Structure formats: structure tokens, C-alpha cells
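Input: a single structure, listed below in C-alpha cells.
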Amino acid sequence: MKRLDALRGIYAHLEDRVVVTIMGAVAAELQSLGHRPNFFYLQHAMGLASSMGLGIALSKPERQVIVFDGDGSILMNLGGLTTLARYRPRNLVHVVFDNESLLSVGGFPTATATGSDLAGIAAAAGIPRTATVSTLDAFTRAFEDALGAGDLTTIVAKVEAVGPSAYVTDLSLLENRFQFSRSLRS
Amino acid sequence: MPVSTTSSRAVYDALKASGVRLMSALPETWLVHLIRMAEEDPEMTLVRLAKEEEGVGISAGAHLAGVRSAMLMQNHGFLASINGIVSCAQLYHIPLLMLISYRGEFGERDPWQTEGGGVTEDVLRALRIPFSSLDRVDQVAPRIAKAQTLALSANKPVALLLCRDLMWEEA
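Listed in order, the protein sequences are those of chains A and B. Counting in the numbering used here, the first sequence runs from 670 upward without gaps. Counting in the numbering used here, the second sequence runs from 1452 upward without gaps.
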């Protein structure tokens, strides 16, 4: 499965939901499908996208929050999975695109390439719903199930280590930040 | 435990008065009363962290959603949060109210706190984070209010150092 196809497969569900992504390929690919004011791309601070999603989910319990994370990023904040599980925001769906590598900085393998199981780690941290999927059908089904389940879910989507040709887009970081905040507060 | 209840109450009340409704915290001796007060307050969302840097992301999310927050941590927790502060809060102009217990100052008896104590202020200066010390209880309310005002007007992190003379009552 390609990450871009996975994002395309669920894009329609993102229209009214709060979306936070990590930097790099995920941010560029989601923007290539169409930016929306309710999308925020955390273009650095690796590991903190899930924490940011938690802060939003606790502050806006009436909104559903989607975090698009990556294996390299979540490996930098595994402790954050225990915090997510502890507060168990039922309005948060946490998707980890696992390409088993740090794609944007040379494609070096992460620990998931040698067997570290992120869904297993999430489940052991106490996340109530977890899944690992590796086909587009399984991913869209797992994502739609998570939206309907009304409980904290981590979906690890195994994807190919391919990305866009460029990572910098014409959306400035601060423009994104203030537009997103205004959309969240309205 | 000679952690000052009076000073902790003054800090907590000042945070509430400045509109803080979410606190992230990682326990440390000087913060025990503050964390308990947050825990017992139905108007406060307390997020207990595994590591302090998570708190930067949580506060950033809360701010973007319109909720005022504060981070309670030791100075070693501040040192552990630096990349988050720089590449989330500063990069994205997020107001961040950090209350940092300032271990390792004059009077510190724990040898393991002394290195972090020696670098805290220099690191805050290097990061261009405005900061002020709280040594006496009468400073608490006005300085917390002013720190919050600056954080919100400048959209940037600010820090208050909770000092030994404020937090610790020698037996």
C-alpha cells in the first residue's frame, strides 16, 4: 500500500474532522490531495503530533481528532502512548504510517524494520483499540471502524517507503497555524 | 515534607486567575501540592506525563483549540523539553506558560540536582525565553499574571522559576 493511496481512500472522511500530521511525506501528500483549514501539519518537533492531538482532543471533546503519525516520529515519543492511553480521549484516532524507514533523510531503517511492533507497543501501553493493516481495503475499513467506534484507536498502516518529490509546499507554517486555530475556535 | 503549602496555593490560585484550565505535569518534590490541587479541582484538566516534552505538544494543541494551559516541571524536565519548545512552540508562535522548579540553587542538598541548576538560566537566555524568578509569596500573583499576559501578546514561551525560598520551608 502507498501512503498517498491510503490518504486518498479516507480523504472524504477528513472534511469536518480536526487533522494533525507529522512533517515530511505525510504533510506534503495530504496537502497534494487538497489542504483544508482544519488540517495542521507539525513540520518539526518529531514525536509531538500525537501529544498535540491529545491536547486538542481534551480541549475539544465534541470534535473528532485524527492524527497522522509515522514510525520514526512515534518511536521518538513512545512514552506518549502511555499518556494517550491514560487519558483515553474517545474522540481521537491515531494513524501511524509505518514505512519502516526515515524516508525524508535518506531512507535509513527504523526499528520497525527489525521487528518492533508498534501496534503491539500501543496495545501494551493501554490503547484500547489497535490494529495493523497492510492493504488499502483493510486500512479504509479499520479507519471507518475507528471513526464509528467512539474510542481511542491506534491503526498502524504498513506502507511502501516512497514519497513525494518535494517536501516543502507553498503553505507557510504560520499561515497554517493561525488558519487552523481560527477554524478550531470557530 | 517541608514543601510550602501556602506558596503552592498562591501559585495555583494565580494560575487559575490567569485563565489556566489545563495543566501538564511530571511529579517532582516541590510540585506535589500543586499537582494535588490540580487533581482535586473539577475545573482543571490535569495531564500527567511520561516525559516533559509531551507537555509542549499538549499545551500547543490546547492553545490552538482555545484553552489556556500551563506546564509544571523541574528544571531538568525543562532541559528535556528543549526541542519541543524550539521546534513546536517557538517555530509556531505558541504561548507557553512554564513553571519550572529551580533545583540546584544555593541551599541544594541533593548532589544530583546541582549540574542542572547551574545551567538553567543560561539555557533560558540562549533560547531567548523571557523569565522571572519567584522567591517570595507576594511576587507570585502579579508575576504569573504578567507572564501570562506577555505569553499571549507575544505568542511565545515564557518561564517562571519556582525558587527554594518560595517552595521549601526548612525544617
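For each residue, glycine too, the CB sits at the ideal point set by N, CA and C. A quick note: this is a predicted structure, and the numbers were derived from the prediction, not measured.
Collapsed DSSP secondary structure at residue i in the structure displayed
i: His1527(B); result: helix
i: Gly1506(B); result: helix
i: Leu1550(B); result: strand
i: Ser1475(B); result: strand
i: Phe849(A); result: helix
i: Met1618(B); result: helix
i: Met1522(B); result: strand
i: Arg686(A); result: coil
i: Leu1497(B); result: strand
i: Arg677(A); result: helix
i: Ala800(A); result: strand
Residue i versus residue j - alpha carbon distance
i: Ala1577(B); j: Leu1523(B); result: 21 angstroms
i: Gly775(A); j: Ile1536(B); result: 26 angstroms
i: Leu750(A); j: Ala794(A); result: 6 angstroms
i: Ser773(A); j: Val734(A); result: 26 angstroms
i: Val687(A); j: Asn707(A); result: 5 angstroms
i: Ala811(A); j: Glu844(A); result: 32 angstroms
i: Ser1510(B); j: Phe849(A); result: 15 angstroms
i: Leu1603(B); j: Arg798(A); result: 37 angstroms
i: Val837(A); j: Phe709(A); result: 15 angstroms
i: Arg846(A); j: Thr1480(B); result: 36 angstroms
i: Leu842(A); j: Tyr1543(B); result: 7 angstroms
i: Asp820(A); j: Phe737(A); result: 17 angstroms
i: His682(A); j: Gly722(A); result: 17 angstroms
i: Leu1547(B); j: Val1609(B); result: 6 angstroms
i: Ala1465(B); j: Asn760(A); result: 31 angstroms
i: Arg1460(B); j: Ala1468(B); result: 12 angstroms
i: Glu1572(B); j: Ser852(A); result: 37 angstroms
i: Ser1458(B); j: Arg672(A); result: 52 angstroms
i: Gly1470(B); j: Tyr1463(B); result: 11 angstroms
i: Ala1605(B); j: Ile1595(B); result: 15 angstroms
Close Cβ partners of residue i (< 7 angstroms) along its chain, the five nearest in sequence each way excluded
i: Gly739(A); result: Ile691, Val695, Val765 and Phe766
i: Glu1556(B); result: Gly1568, Cys1614 and Arg1615
i: Met745(A); result: Met715 and Gly716
i: Thr804(A); result: Met670
i: Thr781(A); result: Asp740, Asp767, Glu769 and Leu787
i: Ile679(A); result: Thr809 and Phe812
i: Leu1601(B); result: Pro1581 and Val1609
Other residues of its chain near residue i: CB distance less than 6 angstroms, five sequence neighbours each side excluded
i: Lys1607(B); result: none
i: Ile743(A); result: Val765
i: Ser1584(B); result: Leu1612 and Cys1614
i: Ala1513(B); result: Leu1473 and Ser1520
i: Asp1586(B); result: Cys1614, Asp1616 and Leu1617
i: Gln712(A); result: Met692 and Leu842
Cβ-based neighbour list, residue i, same chain, cut-off 8 angstroms, excluding 5 preceding and 5 following
i: Arg755(A); result: Gly795
i: Val1574(B); result: Phe1529, Leu1530 and Ile1533
i: Ala1476(B); result: Leu1482, Leu1485, Ile1486, Ala1489, Leu1497, Val1498, Arg1499, Leu1500, Gly1506, Met1522, Leu1523 and Met1524
i: Ala818(A); result: Arg798
CB contact below 9 angstroms: residue i versus chain C
i: Arg757(A); result: As a matter of chain content, chain C is missing from the structure shown, whose protein chains are A and B.
Inset, instruction - Quick one: which unbroken beta strand (DSSP E) runs of 3-plus residues sit fully inside the region 805 to 847 of chain A? Chain order, please. - result: 822 to 827
Inset, instruction - Could you run through the region 1504 to 1521 of chain B and flag, in chain order, every residue whose CB is less than 8 angstroms away from some CB of chain A? - result: Glu1504, Glu1505, Gly1506, Val1507, Gly1508, Ile1509, Ser1510, Ala1511, Gly1512, Ala1513, His1514, Leu1515, Ala1516, Gly1517, Val1518 and Ser1520
Inset, instruction - Write down every uninterrupted run of the beta strand (DSSP E) in the region 713 to 787 of chain A whose length is 3 residues or greater and which is fully enclosed by it, in chain order. - result: 734 to 739 and 761 to 767
Legend entry - Contact list for the region 711 to 739 of chain A against chain B, Cβ threshold 9 angstroms: Leu711, Gln712, His713, Ala714, Met715, Gly716, Leu717, Ala718, Ser719, Ser720, Met721, Gly722, Leu723, Gly724, Ile725, Ala726, Leu727, Ser728, Lys729, Arg732 and Val734
Inset, instruction - Closer than 7 angstroms, Cβ to Cβ, to anything on chain B: give me those residues from the region 761 to 795 of chain A, in chain order. - result: none
Inset, instruction - Please name the residues in the region 677 to 699 of chain A whose beta-carbon is closer than 9 angstroms to at least one beta-carbon of chain B, in chain order. - result: Val687 and Val689
Legend entry - Residue ranges of each beta strand (DSSP E) within the region 1543 to 1615 of chain B, 3 or longer: 1547 to 1552, 1582 to 1585 and 1608 to 1613
Legend entry - Contact set between the region 1489 to 1504 of chain B and chain A, restricted to residues whose Cβ is under 8 angstroms from the partner: Thr1496, Val1498, Arg1499, Leu1500, Ala1501, Lys1502 and Glu1504
Legend entry - Contacting positions in the region 1523 to 1542 of chain B - beta carbon closer than 7 angstroms to chain A: Asn1534, Gly1535, Ser1538, Cys1539 and Leu1542
Inset, instruction - Mind checking the region 1462 to 1481 of chain B against chain A and listing, in chain order, the residues whose C-beta falls within less than 8 angstroms of any C-beta there? - result: Leu1473
Inset, instruction - Quick one: which residues of the region 740 to 756 of chain A get their C-beta closer than 8 angstroms to a C-beta of chain B? List them in chain order. - result: Asn746, Gly748, Gly749, Thr751, Thr752, Arg755 and Tyr756
Legend entry - Where the region 803 to 821 of chain A meets chain B: residues whose CB sits under 7 angstroms from a CB there: none
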